[in-house]
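In our numbering, the protein residues as written are 3 to 92.
Even for Gly, the Cβ is constructed at its ideal location relative to N, Cα and C.
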């Protein structure tokens, strides 16, 4: 199975003996985000709905608006600075 997922590219460091996997923690954080999204989110939503149904839907609308503003704000900023896009003139 390890051979199936072996990657050798120029932008990833080569495997070296005794060096910790730099991508291990990134994969673990992705797993944690998925776990929390599938367990803690619905549990918190169900609890809030049990306490106050109107508050549940108000929270849903507020979270949606904040998410939309964050997405629109991220699109408004340039992804790469102008200094990095200039040609060196070779």
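Nearest candidate by alpha-carbon position, reference residue i, set the options
i          : options       : result
residue 58 : 40, 74 and 45 : 45
For residue i, the three-state DSSP class (helix, strand or coil)
i          : result
residue 41 : helix
residue 60 : helix
Cβ-based neighbour list, residue i, same chain, cut-off 7 Å, excluding 5 preceding and 5 following
i          : result
residue 52 : none
residue 56 : none
Cutoff 6 Å; reference residue i; Cβ partners in own chain excluding five residues on either side
i          : result
residue 75 : none
Residues of its chain near residue i, where Cβ-Cβ distance is below 8 Å and the 5 sequence neighbours each way are ignored
i          : result
residue 68 : none
residue 40 : none
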